[in-house]
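Numbering (this note's numbering), first residue to last: -16 to 50.
Structure record follows, encoded as structure tokens.
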Amino acid sequence: MQIVVDLNRCQGYAQCVFLAPEVFELHGEEALMFTPTVPDGQHEHVHRAAAACPVQAILVGERAGSR
Ligand code: SF4
């Protein structure tokens, strides 16, 4: 499963970091790092993170990485 975070939208709220800390990491105030290819076992966490993001910056899908 692939994810993309629209970093122009991301406001560093860190909801995703709380919900899927193995995939999302915040460096400093607004520098979000993420693992574009989500490991098996993290899918549920990532879906929750995507739903929780206040600005819908997280795109989830098999094709999110190939656009
Ligand atoms: S929850 Fe959304 S706005 Fe907050 S850090 Fe994650 S991607 Fe960025």
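Here a beta-carbon is modelled for each residue, glycine too, at the ideal position from N, C-alpha and C.
Excluding the 5 residues flanking it on each side, Leu9 has same chain C-beta neighbours closer than 8 Å at Gly(-5), Ala(-3), Val0, Leu15, Met16, in chain order.
Our two residues, Val(-13) and His28, have alpha carbons roughly 15 Å apart in a direct line. Ranked by Cα distance from Pro22, the first of Pro4, Leu(-10), Val38, Ala34 is Pro4. Val21 sits in coil when the DSSP states are folded into three classes, being neither helix nor strand.
Residue range 7 to 10 is occupied by the beta strand (DSSP E) that includes Glu8, with no alpha helix (DSSP H) assigned at that position.
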